[in-house]
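Engineer:
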Amino acid sequence: MTPKISLRNVTKEFAVRQGKSSGKRRTRKQAGPSVLTALDDLSLDVAAGEFLTLVGPSGSGKTTLLDLLAGLSRPTSGSVLVDGKEVTAPGPDRAVVFQQYALFPWRTASANVSIGLENSGLSRKERAAKASEFLDLVGLAGFEDRYPHELSGGMKQRVAIARSLAYEPDILLMDEPFAALDAQTREQLQDELLRIWKATGKTIVFITHGIDEAVYLGQRVAVLSARPGRLKEFVAINIPDRDGEGDVRSHPAFVEHRHQLWSLLHDEVRLAQDSGHRKILPDGTAPDEQPQERSAA
202 MTPKISLRNV TKEFAVRQGK SSGKRRTRKQ AGPSVLTALD DLSLDVAAGE FLTLVGPSGS
262 GKTTLLDLLA GLSRPTSGSV LVDGKEVTAP GPDRAVVFQQ YALFPWRTAS ANVSIGLENS
322 GLSRKERAAK ASEFLDLVGL AGFEDRYPHE LSGGMKQRVA IARSLAYEPD ILLMDEPFAA
382 LDAQTREQLQ DELLRIWKAT GKTIVFITHG IDEAVYLGQR VAVLSARPGR LKEFVAINIP
442 DRDGEGDVRS HPAFVEHRHQ LWSLLHDEVR LAQDSGHRKI LPDGTAPDEQ PQERSAA
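This is the structure:
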């Protein structure tokens with residue numbers, strides 16, 4: 202059976218020019234180009250309808266990987282496939298939810314959700330109905346006419362999720378969407394996301410820095426190494442009675458999985474710190490570097 206998502210020997214490199222200081226005035230001279238390898242020979246498959254969480258130290262290429270899946274960037278070598286077809290650009294089969302809500306402040310919640318439907322051929326009434334449907338799905342029925350400044354951070358992120366769901370993509374790509382929220386709101390939205398996933402059957406790839414979040418949400422957890430990011434290990438999450446009424450986070454299996462992931466990440470985090478790795482920016486480089494993307498092979 203063809204995986205929903207497949208990465209085959211993916212390497213992503215960026216050509217970087219770094220300035221050098223010289224003289225009393227510290228004038229900047231351009232050094233020769235160097236190569237920053239964000240991902241190295243990474244292969245993984247994601248099944249249709251699977252919820253995969255992805256963890257790794259800062260600078261391990263997690264966001265770079267998500268950009269490749271979204272079609273926002275191309276690999277230097279290797280292949281990124283969705284339904285067996287190579288990803289070369291963004292498409293309606295994939296939606297991205299970022300940590301920043303990116304809502305238009307002058308548009309209501311309904312209008313923000315329906316923005317991706319404006320070229321769909323649907324009438325304004327049909328778009329509004331669809332927006333209401335997905336706002337209801339994320340628990341915001343009755344908030345259609347509220348503006349972003351009238352919503353809490355958790356509500357804004359729900360609107361962003363509803364917007365991503367509205368044009369009915371097969372795949373949700375989520376880049377630390379709950380990182381800026383307080384602990385209580387974050388846990389509430391984790392539960393909401395699991396409910397939405399079960400209701401829709403979407404394939405979800407979810408990036409997080411939180412080990413607890415990775416275990417709570419994921420059917421499997423992919424652990425990346427320190428830069429250059431490589432797949433260190435897959436961890437299958439098996440927690441009995443996960444759909445029951447009990448506190449999943451206090452279950453012995455949850456604690457065991459958490460310890461397993463921490464053991465896998467411990468050395469990688471220390472290696473990243475010792476190497477001075479900084480978080481890669483959306484363009485694939487670290488701060489103060491001047492990037493030039495290397496062409497795909």
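Residue 300 in our numbering is what sits at position 99 of the sequence shown, and the numbering runs on without skipping anything.
Yeah, the Cβ is synthetic: ideal placement off N, Cα and C, and Gly gets one too.
#1: With H, G and I counted as helix, E and B as strand and the rest as coil, what does DSSP make of residue 403?
#2: Using only CA atoms, which one of 417, 211, 268, 334 lies nearest to residue 240?
#3: Would a C-beta distance cut-off of 7 Å place residue 363 and residue 314 closer than the cut-off?
#4: What are the start and end residues of the alpha helix (DSSP H) that includes residue 238?
#5: Can you grab the Cα-Cα spacing for the pair residue 377 / residue 259, in whole Å?
#6: State the DSSP-derived secondary structure class of residue 412, mapped to helix, strand or coil.
#7: Would you mind stating whether residue 298 and residue 365 have Cβ atoms separated by less than 7 Å?
#8: Who are the near neighbours of residue 282 in its chain, counting only those whose CB is closer than 6 Å to its CB and skipping five residues on each side?
#9: Applying the 10 Å Cβ sphere with the 16-neighbour rule, what's the burial state of residue 202?
#10: Are the CB atoms of residue 261 and residue 425 within a distance shorter than 7 Å?
#11: In three-state terms, what does DSSP make of residue 205?
#12: Excluding sequence positions up to five away, which residues of its chain have a Cβ less than 7 Å from the Cβ of residue 455?
#13: Got a sec, what are the start and stop residues for the beta strand (DSSP E) residue 298 sits in?
#14: Tell me which residues share the same chain as residue 461 and place their Cβ nearer than 7 Å to its Cβ, disregarding the 5 neighbours each side in the sequence.
#15: Could you spell out where the beta strand (DSSP E) holding residue 421 opens and where it closes?
#16: Per DSSP, which one or two residues make a beta bridge with residue 278?
#17: Determine the DSSP secondary structure at residue 371, reduced to helix, strand or coil.
#18: Can you confirm whether the segment 304-320 touches the segment 336-349 when touching is taken to mean that 3 or more C-beta pairs between the two stretches lie within less than 8 Å?
#19: Using only the alpha-carbon positions, how far apart do residue 438 and residue 293 sit?
#20: Determine contact between the segment 353-361 and the segment 379-396, defined as no fewer than three beta-carbon pairs at a distance below 8 Å.
Structural biologist: From the atom records:
#1: Residue mapping note: residue 403 aligns to position 202 of the sequence shown, counting from 1. Coil, per DSSP.
#2: What you label residue 240 is simply residue 39 of the sequence shown in a count that begins at 1. The shortest Cα separation from residue 240 among 417, 211, 268, 334 belongs to 211.
#3: Reading the sequence shown from its first residue, position 162 is the one you call residue 363. Reading the sequence shown from its first residue, position 113 is the one you call residue 314. Yes; because the gap between Cβ atoms is below 7 Å, this pair is in contact.
#4: For the purposes of this step, residue 238 is taken as the residue at position 37 of the sequence shown. From DSSP, residue 238 is part of no alpha helix (DSSP H) but of the beta strand (DSSP E) over 235-247.
#5: As a working mapping, residue 377 is identified with position 176 in the sequence shown. As a working mapping, residue 259 is identified with position 58 in the sequence shown. So the alpha carbons of these two residues sit roughly 12 Å apart.
#6: By 1-based counting over the sequence shown, the position of residue 412 is 211. It is helical.
#7: The sequence position of residue 298 within the sequence shown is 97, counting from 1. The sequence position of residue 365 within the sequence shown is 164, counting from 1. Contact flag set, yes.
#8: Position 81 of the sequence shown, counted from the first residue, corresponds to residue 282. Within the same chain, residue 282 has close Cβ partners 207.
#9: Numbered from its first residue, the sequence shown carries residue 202 at position 1. Per the 10 Å Cβ criterion, exposed.
#10: Residue 425 sits at position 224 when you count from the first residue of the sequence shown. Residue 261 sits at position 60 when you count from the first residue of the sequence shown. A contact, by the Cβ cut-off of 7 Å.
#11: In the sequence shown, residue 205 corresponds to position 4, counting from 1. Coil, per DSSP.
#12: Counting from one through the sequence shown, the residue named residue 455 turns up at place 254. Excluding positions up to five away in sequence, the list reads 416, 440, 449.
#13: Counting from one through the sequence shown, the residue named residue 298 turns up at place 97. Segment 295-298, the beta strand (DSSP E) holding residue 298.
#14: To locate residue 461, count along the sequence shown from 1; it is residue 260. 436.
#15: Against the sequence shown, residue 421 aligns to sequence position 220. Run containing residue 421: 421-425, per the beta strand (DSSP E) assignment.
#16: Numbered from 1 along the sequence shown, position 77 holds the residue referred to as residue 278. Paired residues: 212.
#17: Walking along the sequence shown from the start, residue 371 turns up at place 170. Residue state, collapsed to three classes: coil.
#18: yes
#19: One-based indexing of the sequence shown puts residue 438 at position 237. One-based indexing of the sequence shown puts residue 293 at position 92. Whole-angstrom Cα-Cα distance: 30 Å.
#20: yes
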